[in-house]
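Engineer: Have a look at this one.
Residue numbers (this note's numbering): 38 to 419.
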């Protein structure tokens, strides 16, 4: 990506659609546009770090990506599979001992990432820590692998069970990747995705090691009494925090600014079109973006589900992306050559409001409307 520019119009967009309606204390947006000479990225931000911290939010503010971590993990797996280090069709128990003897033992990794493994959406694996008891990771992983939905019994259909969004499959695959390579998952994602693409994204552990000022420019998330108060520079997701601490779990744990997320999306579109085959070829990327029967969920991304999609109404039907519980989202439109990103800390100070649901499609539609203005500003540098 050739340049990243601040666009005041995007500040106003973030302010009008996120901060003023009190969707979140802080919001950062990015719009990446494909041009003949490469990609241009435009950023904006509004609000303040948190309800208690009045420092102005800027486009450099780092956010907890929550489930927007999932595309990074799936892309890392695609790179590893292309080199034969691990296989999309590998059984889970080939890489994860805790899966042995469970209902998910023979499940291919692809179906786990495509949300078609028949798993429950969520389990409170962190419950022992909340109750001041010891956390046993191996037992938690076995519990996750055993959490088959009641309606998903018997043999696994060739295309998997009816899709149902589940963090558990990503937790299991992330651990399987870590065991197979003998490396922490955050190190794998850094080596396979962030470093090759030049992205400033990483786990809290990596940010703390690389940036002495990380705690000053990361957006706080929720005030959680049992975890000691306001969460700053630690994963908001309780399962991720319980399982890997400051590291990366398969479903959550990455932190980044909006421009880095936009650059990831741009690289995926380039790979899809064969522009960056040194990183990922279209064939290697195919399992990640393949549209599967029964719903819009893919293996690392989600597709545009219809007119009421969080992606908005202005993007093409081929658009794909992902949402994060903390108030994050990214959408990639192959037809328009556009990436739109919204990062917020809508869970500050509490998760118990859902204004983000109405705000997301409005923001992403507004970003696409802003694309015309951004194209004009970019015109002098192609």
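Just so you know, even glycine gets a beta-carbon here, dropped at the ideal spot from N, CA and C. What you are looking at is a predicted structure, and each value in this text was computed from that prediction instead of being measured.
1. Could you give the distance in angstroms between the alpha-carbon of residue 321 and the alpha-carbon of residue 124?
2. Along the beta strand (DSSP E) that carries residue 420, what are the first and last residues, could you check?
3. Going by the DSSP bridge assignment, what does residue 171 pair with across the sheet?
4. Should residue 135 go down as buried or exposed, given a rule of 16 or more other Cβ atoms within 10 Å for buried?
5. Alpha carbon to alpha carbon, what distance is there between residue 397 and residue 262?
6. Rounded to whole angstroms, what is the Cα-Cα separation between residue 144 and residue 287?
7. Mind the definition here: the segment 231-249 touches the segment 294-304 only if three or more C-beta pairs lie below 8 Å; say whether that holds.
8. Determine whether the beta carbon atoms of residue 94 and residue 82 lie at a separation below 7 Å.
9. Rounding to the nearest angstrom, what Cα-Cα distance links residue 43 and residue 379 in this structure?
10. I'd like to confirm the pairing. Which residues does DSSP put opposite residue 376 in its beta bridges?
11. Tell me, which residues are paired with residue 145 by DSSP?
12. For residue 227, is the classification buried or exposed, using 16 other Cβ atoms within 10 angstroms of its Cβ as the cut-off for buried?
13. Is the beta carbon of residue 258 closer than 7 Å to that of residue 363?
14. On the DSSP bridge list, what partners appear for residue 267?
15. Would you kindly report the start and end of the unbroken beta strand (DSSP E) that includes residue 323?
16. When DSSP labels each residue in this structure, what does residue 231 get in the three-state scheme?
17. Are the segment 144-153 and the segment 185-203 touching by the rule of at least three beta carbon pairs closer than 8 Å?
18. Taking 8 Å as the limit between beta carbons, can you name the residues of its chain near residue 99, skipping five residues before and five after?
19. So, with DSSP's three-state summary, where would you put residue 334?
20. Pop quiz: residue 386 and residue 88 are said to be a contact at Cβ under 8 Å. What is the actual Cβ separation, rounded to whole angstroms?
21. Does residue 339 come out as helix, strand or coil in the three-state DSSP assignment?
22. Determine the extent of the beta strand (DSSP E) in which residue 215 is found, giving its start and end residues.
23. Residue 256 CB to nearest chain C CB: under 7 Å?
24. Based on the DSSP output, what are the partners of residue 41 in its beta bridges?
25. Compute the beta-carbon to beta-carbon distance between residue 325 and residue 115, rounded to the nearest angstrom, for a pair I have assumed lies under 8 Å.
26. Quick check on the burial criterion: 16 or more other C-beta atoms within 10 angstroms. Buried or exposed for residue 281?
27. I'd like to know whether the C-beta atoms of residue 336 and residue 111 end up nearer to each other than 7 Å.
28. Please classify residue 391 as buried or exposed, where buried requires at least 16 neighbouring CB atoms within 10 angstroms.
Structural biologist: The relevant details are as follows:
1. As a first step, residue 321 is located in the chain shown; it is residue number 284 there, counting from the start. As a first step, residue 124 is located in the chain shown; it is residue number 87 there, counting from the start. One C-alpha to the other measures close to 11 Å.
2. The shown model of the chain, from 38 to 419, leaves out residue 420, and the question about it has no answer.
3. If you number the chain shown from 1, residue 171 lands on position 134. Residue 171 is not bridged to any residue.
4. Start at 1 with the first residue of the chain shown, and residue 135 comes out as number 98. Burial call: buried.
5. Walking along the chain shown from the start, residue 262 turns up at place 225. Walking along the chain shown from the start, residue 397 turns up at place 360. Whole-angstrom Cα-Cα distance: 28 Å.
6. Counting from one through the chain shown, the residue named residue 144 turns up at place 107. Counting from one through the chain shown, the residue named residue 287 turns up at place 250. The alpha-carbon atoms of residue 144 and residue 287 are separated by roughly 16 Å.
7. Between the segment 231-249 and the segment 294-304 there are three or more inter-stretch CB-CB distances shorter than 8 Å, so the stretches are counted as touching.
8. To locate residue 94, count along the chain shown from 1; it is residue 57. To locate residue 82, count along the chain shown from 1; it is residue 45. Contact flag set, yes.
9. Along the chain shown, read from residue 1 onward, the residue named residue 43 stands at position 6. Along the chain shown, read from residue 1 onward, the residue named residue 379 stands at position 342. Each residue's alpha carbon lies about 15 Å from the other.
10. As a first step, residue 376 must be located in the chain shown, where it is residue number 339. Under DSSP, residue 376 forms a beta bridge with 69, 369.
11. In the chain shown, residue 145 corresponds to position 108, counting from 1. 128, per the DSSP bridge assignment.
12. As a working note, residue 227 is residue 190 in the chain shown. It counts as buried.
13. Counting from 1 along the chain shown, the entry for residue 363 is found at position 326. Counting from 1 along the chain shown, the entry for residue 258 is found at position 221. Going by beta carbons, residue 363 and residue 258 fall inside the 7 Å limit.
14. Translated into the one-based positions of the chain shown, residue 267 becomes position 230. Beta-bridge pairing links residue 267 to 260.
15. In the chain shown, the residue the question calls residue 323 occupies position 286. For residue 323, no beta strand (DSSP E) segment is defined; the enclosing uninterrupted segment is the alpha helix (DSSP H) at 319-326.
16. Position 194 of the chain shown, counted from the start, is the residue given in the question as residue 231. Residue 231 sits in a helix when the DSSP states are folded into three classes.
17. Three or more pairs of CB atoms, one per stretch, sit closer than 8 Å, so the segment 144-153 contacts the segment 185-203.
18. For the purposes of this step, residue 99 is taken as the residue at position 62 of the chain shown. The residues 244, 251, 254, 255, 256, 292, 293, 294, in chain order, have a CB closer than 8 Å to that of residue 99 in the same chain once the five nearest residues on each side in sequence are set aside.
19. Here residue 334 corresponds to residue number 297 of the chain shown, with the count starting at 1. Reduced to three states, the DSSP call for residue 334 is strand.
20. To locate residue 386, count along the chain shown from 1; it is residue 349. To locate residue 88, count along the chain shown from 1; it is residue 51. Rounded, the Cβ-Cβ distance is 5 Å, consistent with contact.
21. By one-based count along the chain shown, residue 339 stands at place 302. DSSP places residue 339 in strand when its eight states are reduced to three.
22. Numbered from 1 along the chain shown, position 178 holds the residue referred to as residue 215. Not the beta strand (DSSP E): residue 215 falls in the alpha helix (DSSP H), residues 204-218.
23. Any reference to chain C falls outside this structure, which holds one protein chain only.
24. Looking up residue 41 in the chain shown gives position 4. In DSSP, residue 41 forms a bridge with 78.
25. Reading the chain shown from its first residue, position 288 is the one you call residue 325. Reading the chain shown from its first residue, position 78 is the one you call residue 115. Contact holds; Cβ gap of about 5 Å.
26. Stepping through the chain shown from its first residue, residue 281 is reached at position 244. Its Cβ being crowded by 16 or more others within 10 Å, residue 281 is buried.
27. Taking the chain shown and counting its residues from 1, the one referred to as residue 336 is at position 299. Taking the chain shown and counting its residues from 1, the one referred to as residue 111 is at position 74. Their beta carbons are under 7 Å apart, which means residue 336 touches residue 111 by this criterion.
28. Taking the first residue of the chain shown as position 1, residue 391 is located at position 354. Exposed is the call here.
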